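S.K.: Numbering (the numbering used here), first residue to last: 341 to 894.
Even glycine gets a Cβ: it sits at the ideal position worked out from N, Cα and C.
These numbers come from a predicted model, not from an experiment.
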Amino acid sequence: MHNEYKIPVLEDLRDSDTDAPLRERLLSRIDSAERLIAGIDADKTYKSTKILTALAGDDMPLVRPRQFDGGDLLHDLRLYVEDLSDAAELQADSMGEQVFTVEELANQFNVSTKTISRWRALGLVSRRLVFDGRKRVGFLRSSVDRFVKNNAERVERGSKFSQLTDSQRHEFVARAKELANNGSGQAEIARLLAERSGRSVETIRTALRQHDIDHPEVAIFPAGGGPLTEKQRQNIYQAYRRGTNVDRLCSDYDRTKTTVYRVINEIRAERIMELPLDHMENPRFKRKGADKACLGEMPEPETVTRRPKRPTGLPPYLAALYEMTLLTREQEQHIFRKYNYLKYKAYKLRAQLEPDNPKTALMDEIEDLYEQVLKFKNQIIRANLRLVVSIAKRHVKPDQDFFALVSDGNVSLLRAIEKFDYARGNKFSTYASWAIMKNFARTIPGEYRQRDRFRTSHDELFAATQEERGNPTVELSAQEDRVSKINRILSKLDEREQAIIVGRFGLDHSTEPKTLKQVGADLGVTKERIRQIEARALNKLRQAAADEKIALDI
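#1: Determine the closest residue to F768 out of F743, K737 and K717, with distance taken between C-alpha atoms.
#2: Is there contact here, the segment 599-609 with the segment 568-579, by at least three beta-carbon pairs under 8 Å?
#3: What's the gap between the Cα of I721 and the Cα of L754?
#4: Ignore the nearest five residues each way along the sequence and tell me which others in R608's own chain have a CB closer than 6 Å to its CB.
#5: Applying the 10 Å Cβ sphere with the 16-neighbour rule, what's the burial state of P698?
#6: Report, in whole angstroms, the separation of the C-beta atoms of Q712 and L682, which I expect to be a contact under 8 Å.
#7: Is K649 near the ligand SAH, in the sense that its beta carbon is under 6 Å from a heavy atom of that ligand?
#8: With DSSP as the reference, label D409 as helix, strand or coil.
#9: If we ignore side chains and look at the alpha-carbon of each, how far apart do I544 and E437 end up?
#10: For R524, which residues in the same chain have their Cβ closer than 7 Å to its Cβ, ignoring the five residues on either side in sequence?
#11: So, is K632 buried or exposed, given that buried needs 16 or more other C-beta atoms within 10 angstroms?
#12: Is DSSP giving R793 helix, strand or coil here?
#13: Smallest Cα separation from E614: which of E888, R822, V751 and A691?
#14: With distance defined between alpha-carbon atoms, name the residue in A492, L745 and Y771 nearest to S540.
#15: With a 10 Å radius around its C-beta and 16 neighbouring C-beta atoms as the bar for buried, classify L362 as buried or exposed.
#16: At 4 residues or longer, what runs of the alpha helix (DSSP H) sit wholly inside the segment 602-640?
#17: Can you tell me which of the three DSSP states T385 falls into?
#18: Within 10 Å of its beta-carbon, does K384 have 16 or more other beta-carbons around it, so buried, or fewer, so exposed?
#19: DSSP on V477, reduced to helix/strand/coil?
#20: Rank I841, P639 and A877 by C-alpha distance to the C-alpha of D862 and give the top, closest one.
#21: Where do the N-terminal and C-terminal ends of the beta strand (DSSP E) with T700 fall, by residue?
#22: I need the boundaries of the alpha helix (DSSP H) containing V513, first residue and last residue.
#23: State yes or no: is the beta carbon of I576 nearer than 7 Å to at least one beta carbon in chain C?
#24: Going straight from the alpha carbon of K626 to that of Y687, what length do you get?
#25: How is T652 classed by DSSP in three states: helix, strand or coil?
#26: Is the segment 821-839 close to the segment 876-886, with three or more CB pairs under 8 Å?
#27: Rounded to the nearest angstrom, what separates F487 and E542 at their Cα positions?
#28: What is the DSSP secondary structure of L367, counted as helix, strand or coil?
#29: Could you tell me the distance, in whole angstroms, from the CA atom of R822 to the CA atom of T855?
#30: Just verifying my parser: in three-state terms, what is the DSSP assignment at F676?
#31: Do you know how far the Cα of R876 is from the Cα of E422?
#32: Here's the rule I'm using: 16 or more other beta-carbon atoms within 10 Å means buried, otherwise exposed. How should W774 be labelled?
#33: Quickly, what does DSSP pair Q431 with across the bridge? List them, please.
#34: Could you pull the DSSP bridge partners for T441 from this structure?
#35: Is the segment 469-482 touching the segment 508-526, taking contact as three or more C-beta pairs under 8 Å?
Set out below in structure tokens:
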């Protein structure tokens with residue numbers, strides 16, 4: 341423990357905290373102290389009651405109000421963090437983020453360990469952590485980044501750009517150009533390169549800035565900006581949807597607020613124009629008072645039906661279906677009327693939208709209506725999933741995957757929802773059953789014909805005696821040919837279609853194939869929209885493959 345405290349009350353607080361250490365309380369005090377350090381100016385004074393309340397909360401010591409000198413406070417709070425982390429017996433590999441030793445931090449910034457000691461005195465928070473059974477001073481990445489942010493000029497002076505090797509500079513610049521071409525902004529590029537290289541964000545940012553100054557003709561981020569690429573426009577919109585504020589986007593892409601807002605609204609309008617708002621027309625929608633007639637409360641069932649008893653031993657998906665409430669005929673009519681009316685309203689409003697000058701209030705209203713549309717569609721789907729399972733059970737064969745059949749039936753259910761005309765008075769389950777069985781009747785025989793076509797009496801013999809070896813040269817040549825063909829037909833798609841196909845089928849080799857939901861999250865749209873664009877893109881690929889005379893099984 342340190343004994344060179346300058347403020348006795350902080351030393352007393354340290355002693356009371358470490359006499360009977362409670363790990364949770366120690367961690368809470370450490371976090372509070374570190375937040376205080378980040379906001380303290382060594383040249384100012386601070387009220388003791390305010391500091392102690394922020395540090396100890398309800399356990400604040402009873403002391404006479406006085407003023408703490410900022411420099412003494414920085415000194416003592418740094419010791420306080422080290423002493424409490426020492427008492428907490430914190431393992432370096434359990435901190436949940438990257439941890440540096442003194443030597444590692446010095447290497448990262450290309451400075452001496454003495455410089456790191458000076459930075460500690462100026463507010464760089466260190467902790468006493470256990471590294472491989474031995475206690476040493478360590479620095480959390482979050483603490484380092486906070487210090488660098490508040491002392492950018494000091495850190496830049498200590499870690500000069502010239503200390504980077506030529507190969508490191510070239511590597512950073514090449515990678516930054518690649519990321520910039522993919523639409524990433526300056527801040528995101530600096531952060532990614534810092535994470536991969538172990539350098540600080542400020543070091544990367546300084547290196548890239550110096551490159552642009554020295555080579556303006558090939559600058560990564562030209563001073564004038566230039567027109568935004570489609571990828572950059574999409575990235576701006578996605579970042580905004582994820583919560584990134586506009587000021588940050590202006591800085592990342594070197595654009596004015598007007599430009600950023602225009603890009604956001606243009607892409608938002610484009611996506612609204614692509615919303616699937618086809619609906620079943622009904623004369624009631626155009627009459628006066630349609631809102632009241634179509635958007636009323638759900639009718640209550642006349643009799644309460646008991647929920648069927650769930651059999652034991654069911655797979656989780658099937659078991660969950662027994663928790664879903666079925667709809668009466670009246671409720672079903674009500675929901676379908678509301679579902680189609682909401683799409684009708686959104687469709688009429690979309691006709692008023694000017695893509696070149698979209699109004700935010702109008703887009704808000706359309707998106708709000710579409711969210712309600714999705715809510716009611718999901719309610720219809722949940723109420724009919726058990727129907728799909730019951731039909732699949734009657735059609736499944738011994739050698740078939742039951743859940744694959746259920747999945748196929750669910751797709752038929754989605755199509756039936758869009759085609760069902762509730763105004764005819766039929767029950768939806770009747771219409772959906774017909775649609776699902778019709779699809780099964782069409783697909784299942786086709787599967788068996790495909791199997792029979794390639795089935796022989798020697799299947800088992802072939803499987804047992806198959807040759808495992810291959811010619812690496814032939815395989816490599818075939819793979820290169822496949823890649824060339826795929827790239828050739830992918831070039832027929834626009835950027836968004838390419839991104840969806842690459843993501844869905846894992847064609848970039850860096851990630852596994854993604855689900856519709858994952859690709860939708862990357863692009864900021866619903867998984868249903870991704871499915872629609874994927875289907876359209878696959879049709880384009882089939883046509884492109886036919887034009888190029890390429891055999892393609894998609």
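M.R.: According to the data block:
#1: Here residue 768 is taken as the residue at index 428 of the sequence shown, counted from 1. Of the listed residues, the one whose Cα sits closest to F768 is K717.
#2: yes
#3: Residue numbering aside, residue 721 sits at position 381 when the sequence shown is read from its first letter. Residue numbering aside, residue 754 sits at position 414 when the sequence shown is read from its first letter. Cα-Cα distance, rounded: 7 Å.
#4: On the sequence shown, residue 608 is found 268 positions in, with the first residue counted as 1. Counting only Cβ-Cβ distances below 6 Å, and skipping sequence neighbours, we find M703.
#5: Working through the sequence shown from its first residue, we reach residue 698 at position 358. P698 is buried by the Cβ-count criterion.
#6: Your numbering for residue 712 matches position 372 in the sequence shown. Your numbering for residue 682 matches position 342 in the sequence shown. Correct: roughly 5 Å between the Cβ atoms.
#7: Within the structure as shown, the ligand SAH is missing, as the structure has no ligands at all.
#8: Counting from 1 along the sequence shown, the entry for residue 409 is found at position 69. Correct three-state label for D409: strand.
#9: In the sequence shown, residue 544 corresponds to position 204, counting from 1. In the sequence shown, residue 437 corresponds to position 97, counting from 1. Taking the straight line from one Cα to the other gives about 20 Å.
#10: For this step, residue 524 is matched to residue 184 along the sequence shown. Here residue 524 turns out to be Ser, not Arg, going by the sequence shown. So the qualifying residues of the chain are N575.
#11: Within the sequence shown, the letter at position 292 stands for residue 632. The residue in question, K632, is exposed, as its Cβ has fewer than 16 Cβ neighbours within 10 Å.
#12: Start at 1 with the first residue of the sequence shown, and residue 793 comes out as number 453. Legend: pLDDT at R793 = 48, less than 50; position of this residue unreliable, value from coordinates given subsequently. Residue state, collapsed to three classes: helix.
#13: Along the sequence shown, read from residue 1 onward, the residue named residue 614 stands at position 274. That would be A691, whose Cα lies nearest to the Cα of E614.
#14: Translated into positions along the sequence shown, residue 540 becomes position 200. Of the candidates A492, L745 and Y771, the one whose C-alpha sits nearest the C-alpha of S540 is A492.
#15: In the sequence shown, residue 362 corresponds to position 22, counting from 1. It counts as exposed.
#16: 630-634
#17: Indexing the sequence shown from 1 puts residue 385 at position 45. Strand at T385.
#18: Within the sequence shown, numbered from 1, the residue matching residue 384 stands at position 44. Exposed, since its Cβ has fewer than 16 Cβ neighbours within 10 Å.
#19: The sequence position of residue 477 within the sequence shown is 137, counting from 1. Strand at V477.
#20: One-based indexing of the sequence shown puts residue 862 at position 522. Of the listed residues, the one whose Cα sits closest to D862 is I841.
#21: The residue given as residue 700 occupies position 360 in the sequence shown. Premise fails: T700 lies in the alpha helix (DSSP H), T700 to H735, not in any beta strand (DSSP E).
#22: Here residue 513 refers to the residue found at position 173 of the sequence shown. D506 to N521 is the span of the alpha helix (DSSP H), which, as asked, contains V513.
#23: Although the question refers to chain C, the structure presented lacks it and comprises just one protein chain.
#24: Locating residue 626 in the sequence shown gives position 286, counting from the first residue. Locating residue 687 in the sequence shown gives position 347, counting from the first residue. One C-alpha to the other measures close to 13 Å.
#25: The residue you call residue 652 lines up with position 312 of the sequence shown. If DSSP states are grouped into helix, strand and coil, T652 belongs with coil.
#26: yes
#27: Walking along the sequence shown from the start, residue 487 turns up at place 147. Walking along the sequence shown from the start, residue 542 turns up at place 202. Looking at the backbone, the Cα of F487 and that of E542 are separated by about 11 Å.
#28: Sequence index remark: in the sequence shown, residue 367 carries index 27 (1-based). L367: helix per DSSP, three-state reduction.
#29: Mapped onto the sequence shown, residue 822 falls at position 482. Mapped onto the sequence shown, residue 855 falls at position 515. Near 24 Å, if we compare the C-alpha coordinates of T855 and R822.
#30: Taking the first residue of the sequence shown as 1, we reach residue 676 at position 336. F676 falls in the helix class under three-state DSSP.
#31: As a working note, residue 422 is residue 82 in the sequence shown. As a working note, residue 876 is residue 536 in the sequence shown. If you draw a straight line from the Cα of E422 to the Cα of R876, it is about 60 Å long.
#32: As a position in the sequence shown, residue 774 is number 434, starting the count at 1. So W774 ends up on the exposed side.
#33: Within the sequence shown, residue 431 is the residue found at index 91, counting from 1. DSSP output for Q431 lists V470 as bridge partner(s).
#34: Sequence index remark: in the sequence shown, residue 441 carries index 101 (1-based). Paired residues: G478.
#35: no
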